[in-house]
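S.K.: The following block contains the structure, expressed as structure tokens.
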Amino acid sequence: MSVRELVKRCEALFDDLELGAVKQWKAAQPGRKAIGYLPIYVPREIVHAAGMLPVGIFGGGDQLEVIQGDAYYQSYICRIPRSTLELGLTGRLDCLDGMLFPSICDVIRNLSGMWQIMFKDKYVKYFDLPQNYDDSTGGTFYIHEMSALRSDLEKLSNKKITDEDLRNSIAVYNDNRRAVRELYAYRAQKPWQAPTSEMYLVLRAGCVLPPEEHTALIRKYLVSCEEQQRPQRDNARVVLTGSFCEQPPLGLIKSIEIAGCYVVDDDFQLCQSMLLEEVPTTGDPLEALSKAFLHRSAQTSSKYDEKKEDKGKHLLRQVKTRGAEGVIFAAASFCDPALLERPMLLEILAKHKIPYTAFKYAENTGQMAPIREQTGTFADSIKLWSAA
Amino acid sequence: MSPAPAKKEVVKDDSMWLQKELINRNYHEVATAHETGRKISATFVPGNLNELLMCFDFARRLPETDALQNGMRKKSGKMIMDAEREGHSEDVCTYVKTDLGMMLAGEKGPTGEPMPHPDVLLLSYTGCFTFMKWFELVRQKYDCETVMLHVPYQGDGKINPAMRDYVVKQLKDKVIPTLEKVSGVKFDIDRLRGYMKESAKAEEDLVRVLQSAKQRPSPIDGYFGAVYYIGPIFTAFRGVPEATKYYSVLREEVEARVREGKGPVTPEGDHPGEKYRLVVEGPPNWTNFREFWKMFYDEGAVVVASTYAKVGGVYDFGFRHDPDHPLESLADYCLGCYTNLNFPQRIDMICKYMDEYQADGLLINSIKSCNSFSAGQLLILREVEKRTGKPAAFIESDLVDPRYFSAANIKNRLESYFQMIKQKRAANEVLHRH
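The listed protein sequences correspond, in order, to chains A and B.
Residue numbering for the first sequence follows this note's numbering, beginning at 1 and increasing consecutively.
Residue numbering for the second sequence follows this note's numbering, beginning at 1001 and increasing consecutively.
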């Protein structure tokens, strides 16, 4: 399959708000169930171990006209909850048997209760991730949360989830994370070969495909990328951060690239890269998942930084290891976690003399000219004034 | 030249004066803490562990009340704009920006006295995501010792033992050792029990006061008046004998009003007469607090119950601080704060209030700054209307950002709402007659 064909398939999955791929997966075997999850992170291994399909729900993008969803939110609330509600109210999420709402912010938290009221026949769980990172404290609590999810899914699937099931699923996701890491590494090395607007679609396919299939897809994409040489431009290498929940429209990612930036790292699909290392496939599987989250996971603004000196470490590491020349802080409008974090991160970048620019977007932002102008100017300033 | 009109004197009960004295004294204690060798703590209203902080002799700051006091004194607008100029987004909480703006403006507290940096930030992460970032921002600027207390959300509408154990373990392993280290004072659990005994007494009286609004006419306003009533117990005074005394005096005052058949006290004297009984969801606006309140009592509206009066602790369904199980009780207190309840629980609570307090309707004051309260309130409105058959209305304002208080809009909406209640009542009367 050529890169073009492969990306076309991913784009079709991305555009399909009816979740056709999920319906197909369910139809292939009677009794199959699918569980939706919102950003940023849930341990998908537990859903997979229950024989279910974890489905990432990242709002409605710029193709969805939000009518009913708007009736539930004031103008000063971000767009992802309203478009998610729109998807639910228009029956587009009917193929999901449940929804997980991880602890990311108050808006998504409250949406979990709204879902309980509005979709009474569905399984709904608010999934509280620990903000205390001691194994005996936050770890014990987190293992309890995961055990509760495991037990709920056992009831829903009428199937016992054994430790062996969980270990197998951890292995499946370890492989998926490995592939995602390879993809990130490849793009950082040759961003002209794997443009972010393409890579993003390949990652988003992981929201609706089974992990095994998604892993294979990523590897095929990497192989196809090497088969077709593309022109290398003198673009500025940037890390894009702040876009971990409500996603920017694809047009915005393209605009950043057109304006002269190679995105060499990002936080678009953190669920796929939250755990930074292999999760052990021996021993207690929930303990392994807990330790991975507590001690070897990415920093993001919905997670507490225990020490002042920890703030921004992950971002600085991204800049350093990817050889980035600057940072674009792109946050969804009214996104509390990102926008409250922003001044702290920008201060740290300034201290390290790393150029940055910042803007806000909504998932349905249509006017790209200002973004192109801002990022274009930013890229020019890096090329003209940095290091040289 | 004609003389300037004399400023109308604000009417206050004895309990209000007592409270004012408490608050001013606390600001003075904070201002002079370092001179007197005391350390300063800062923590948030929901899930505040005042009894525990007192065990370490801290002078106690609550940044939310600092912000609201600055709002009431018309100082917050400039502070917010100063913080925005420093790079804080216009989209985020104005309490945070008022706090940061206050520091930028020379670190003077609302009363004009100095506001020294806290020595420890007790980040009780209860019912509000912003709290976490707020104290990270303060820590970033002032390098204060910070200790996190993660209070899990009641996503399933109940407190399970794992949640309680998690909070208790954090108290034992992290919070108490940090407070000991910063203060240099050894933790004494019996001292904690002593404070909690005082708390329970005050809580009992507070509940009696709030539930007096079930009377007709209601002797209190359960929102505008309740803001004063909850002041001591939600802030630096829960567990302090003077606060216990305050609630005992307050209860006596309110019981006397019940005996005399009187309505609430307003800043302009006795309430002109109860025409509409409302339940209110959401915090008040502070920058125009009196003007906002006046819009209600001028029309004969009394708020008989409010969810905001439960933000620093839900006591009216039986919870009391329990000296026999001090740490578990602190955990239950945090876990049970209003904004830590899930949506079905919040709706149940409002419907219960509508019924028990014989309210004519629900009013939601939706606050731009506060997603914890506001996100999804339009569903609350629909559900409560559906379940109670009583009309609900929606207004929008902000906590301390004067740019988001539009008096004319709010007044218009309220007047239309009162008309609606009146018409609905008349229609019901006709229905009952036939």
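Glycine residues also receive a C-beta, built at the ideal position from the N, C-alpha and C atoms.
If contact means a Cβ-Cβ distance below 7 angstroms, which residues of the stretch 1117-1143 of chain B contact chain A?
M.R.: Listed by position, the residues of the stretch 1117-1143 of chain B near chain A (Cβ gap below 7 angstroms) are Y1125, C1128, F1129, T1130, M1132, K1133, E1136, L1137, R1139, Q1140, D1143.
S.K.: What does DSSP give as the partner residues of B:L1341 in its beta bridges?
M.R.: Position 341 of the second sequence, counting from 1, holds the residue named residue 1341 of chain B. Paired residue(s): B:Q1154.
S.K.: Between which two residues does the alpha helix (DSSP H) harbouring B:Y1333 extend?
M.R.: On the second sequence, residue 1333 of chain B is found 333 positions in, with the first residue counted as 1. 1326-1335 is the extent of the alpha helix (DSSP H) around B:Y1333.
S.K.: Under a CB-based cut-off of 9 angstroms, is A:M114 close to chain B?
M.R.: As a first step, residue 114 of chain A must be located in the first sequence, where it is residue number 114. For A:M114, the answer is yes, since a Cβ of chain B falls inside 9 angstroms of its Cβ.
S.K.: When Cβ atoms are compared, which residues of the stretch 1404-1415 of chain B fall closer than 7 angstroms to chain A?
M.R.: Listed by position along the chain: nothing, the set is empty.
S.K.: Of all Cβ atoms in chain A, is any one closer than 9 angstroms to the Cβ of B:V1400?
M.R.: Counting from 1 along the second sequence, the entry for residue 1400 of chain B is found at position 400. Judged by the 9 angstroms Cβ criterion, B:V1400 is not in contact with chain A.
S.K.: What residues in its chain sit with their C-beta under 8 angstroms from that of B:E1415, if we drop five residues either side in the sequence?
M.R.: Counted from its first residue, the second sequence places residue 1415 of chain B at position 415. Contacts found: E1299.
S.K.: Give me the DSSP bridge partner(s) of B:E1396.
M.R.: Taking the first residue of the second sequence as 1, we reach residue 1396 of chain B at position 396. Paired residues: B:S1366.
S.K.: Give a single yes or no on whether B:D1156 has its beta carbon closer than 8 angstroms to a heavy atom of the ligand FAD.
M.R.: With respect to small molecules bound, the structure shown includes none, and the ligand FAD cannot be examined in it.
S.K.: Give a yes or no on whether the minimum CB-CB distance between B:C1337 and chain A is below 9 angstroms.
M.R.: For the purposes of this step, residue 1337 of chain B is taken as the residue at position 337 of the second sequence. So no, B:C1337 is outside the interface.
S.K.: So B:S1212 and B:V1254 are in contact, right, with Cβ under 8 angstroms, and what is the actual spacing, rounded?
M.R.: Along the second sequence, one-based indexing puts residue 1212 of chain B at 212. Along the second sequence, one-based indexing puts residue 1254 of chain B at 254. Indeed they touch by this definition, with Cβ atoms about 5 angstroms apart.
S.K.: Can you tell me whether DSSP reads B:S1002 as helix, strand or coil?
M.R.: To locate residue 1002 of chain B, count along the second sequence from 1; it is residue 2. Because the pLDDT of B:S1002 is 49, which lies under 50, any placement of that residue in the model is unreliable, and the question is left without a value.
S.K.: Between A:H214 and chain B, is there a C-beta pair that is closer than 9 angstroms?
M.R.: Residue 214 of chain A sits at position 214 when you count from the first residue of the first sequence. For A:H214, the answer is no, since every Cβ of chain B falls outside 9 angstroms of its Cβ.
S.K.: On a Cα-Cα basis, can you pick out the residue from B:T1130, B:Y1125, B:E1136, B:W1134 that is closest to A:Q131?
M.R.: Mapped onto the first sequence, residue 131 of chain A falls at position 131. It is B:Y1125.
S.K.: What residue from B:D1270, B:F1131, B:A1042 has the CA that sits closest to B:V1120's CA?
M.R.: Here residue 1120 of chain B corresponds to residue number 120 of the second sequence, with the count starting at 1. Of the candidates B:D1270, B:F1131, B:A1042, the one whose C-alpha sits nearest the C-alpha of B:V1120 is B:A1042.
S.K.: How would you label B:L1431, buried or exposed, when you count the other beta carbons within 10 angstroms and need 16 or more for buried?
M.R.: Within the second sequence, numbered from 1, the residue matching residue 1431 of chain B stands at position 431. The residue is exposed, with fewer than 16 neighbouring Cβ atoms inside 10 Å.
S.K.: At the 9 angstroms Cβ level, is B:C1093 part of the contact set with chain A, yes or no?
M.R.: By 1-based counting over the second sequence, the position of residue 1093 of chain B is 93. Closer than 9 angstroms to some Cβ of chain A, the Cβ of B:C1093 qualifies, so yes.
S.K.: Are the C-beta atoms of A:T357 and some chain B residue less than 9 angstroms apart?
M.R.: Against the first sequence, residue 357 of chain A aligns to sequence position 357. By this cut-off, A:T357 is not an interface position.
S.K.: Could you tell me which whole beta strand (DSSP E) segments of length 3 or greater appear in the stretch 3-71 of chain A?
M.R.: Listed in chain order, they are 34-37, 53-56.
S.K.: Measure the Cβ-Cβ separation of A:E246 and A:F58 and say whether it is below 9 angstroms.
M.R.: By one-based count along the first sequence, residue 246 of chain A stands at place 246. By one-based count along the first sequence, residue 58 of chain A stands at place 58. Going by C-beta atoms, A:E246 is nearer than 9 angstroms to A:F58.
S.K.: Starting from the C-beta of A:L352, find all residues in its chain whose C-beta is less than 6 angstroms away, skip the five residues before and the five after it, and write them out in chain order.
M.R.: Taking the first residue of the first sequence as 1, we reach residue 352 of chain A at position 352. Per the sequence shown, residue 352 of chain A should be read as His rather than Leu. Cβ neighbours of A:H352 beyond the five flanking positions: none.
S.K.: Is B:P1283 helix, strand or coil by DSSP?
M.R.: In the second sequence, the residue the question calls residue 1283 of chain B occupies position 283. Coil.
S.K.: I'd like to know whether the C-beta of A:M101 is nearer than 9 angstroms to at least one C-beta of chain B.
M.R.: Along the first sequence, one-based indexing puts residue 101 of chain A at 101. It is Phe, not Met, that sits at residue 101 of chain A in the sequence shown. Yes, A:F101 lies at the interface with chain B (some Cβ there is under 9 angstroms from its Cβ).
S.K.: To the nearest angstrom, report how far apart B:V1304 and B:W1017 are at their CA atoms.
M.R.: In the second sequence, residue 1304 of chain B corresponds to position 304, counting from 1. In the second sequence, residue 1017 of chain B corresponds to position 17, counting from 1. Straight-line Cα distance between these residues: approximately 23 angstroms.
S.K.: Judging by CA-CA distance, which residue of A:G283, A:L156, A:V208 is the nearest neighbour of A:L38?
M.R.: Along the first sequence, read from residue 1 onward, the residue named residue 38 of chain A stands at position 38. Closest option to A:L38, Cα to Cα, is A:V208.
S.K.: For A:S136, does the count of other Cβ atoms within 10 angstroms reach 16, so buried, or fall short, so exposed?
M.R.: In the first sequence, counting from the first residue as 1, residue 136 of chain A sits at position 136. A:S136 comes out exposed.
S.K.: Going by Cα to Cα distance, which pick from B:T1339, B:R1290, B:I1230, B:S1183 is closest to B:A1309?
M.R.: The residue labelled residue 1309 of chain B in the question sits at position 309 within the second sequence. Selected option, being the one with the closest Cα: B:I1230.
S.K.: For B:Q1170, return the contacting residues in chain A, with the cut-off set at a CB-CB distance below 8 angstroms.
M.R.: Taking the first residue of the second sequence as position 1, residue 1170 of chain B is located at position 170. Chain A residues near B:Q1170: N132, T137.
S.K.: May I have the straight-line CA-CA distance separating A:W192 from B:S1306, to the nearest angstrom?
M.R.: Here the question's residue 192 of chain A lines up with position 192 in the first sequence. Here the question's residue 1306 of chain B lines up with position 306 in the second sequence. Each residue's alpha carbon lies about 58 angstroms from the other.
S.K.: Quick one: grab the DSSP three-state call for A:M274.
M.R.: Counting from 1 along the first sequence, the entry for residue 274 of chain A is found at position 274. Here A:M274 sits in coil by DSSP.
S.K.: Strictly below 7 angstroms CB to CB, what residues from chain B border A:N110?
M.R.: Start at 1 with the first residue of the first sequence, and residue 110 of chain A comes out as number 110. Correct list: F1343, A1375, G1376.
S.K.: Got a sec, what are the start and stop residues for the alpha helix (DSSP H) B:D1221 sits in?
M.R.: The residue given as residue 1221 of chain B occupies position 221 in the second sequence. Where B:D1221 is concerned, there is no enclosing alpha helix (DSSP H), given that its DSSP letter is neither H nor E.
S.K.: Closer than 9 angstroms, CB to CB, is B:T1235 near chain A or not?
M.R.: Within the second sequence, numbered from 1, the residue matching residue 1235 of chain B stands at position 235. No - not a single Cβ of chain A is within 9 angstroms of the one on B:T1235.
S.K.: Where does A:N174 land, buried or exposed, given buried means 16+ other C-beta within 10 angstroms?
M.R.: Position 174 of the first sequence, counting from 1, holds the residue named residue 174 of chain A. Its Cβ being crowded by 16 or more others within 10 Å, A:N174 is buried.
S.K.: What number of angstroms, rounded off, separates the C-alpha of A:E309 from the C-alpha of B:V1185?
M.R.: Within the first sequence, residue 309 of chain A is the residue found at index 309, counting from 1. Within the second sequence, residue 1185 of chain B is the residue found at index 185, counting from 1. Each residue's Cα considered, the two are about 27 angstroms apart.
S.K.: Any idea what DSSP makes of A:C78, helix, strand or coil?
M.R.: On the first sequence, position 78 is the one that residue 78 of chain A refers to. DSSP places A:C78 in coil when its eight states are reduced to three.
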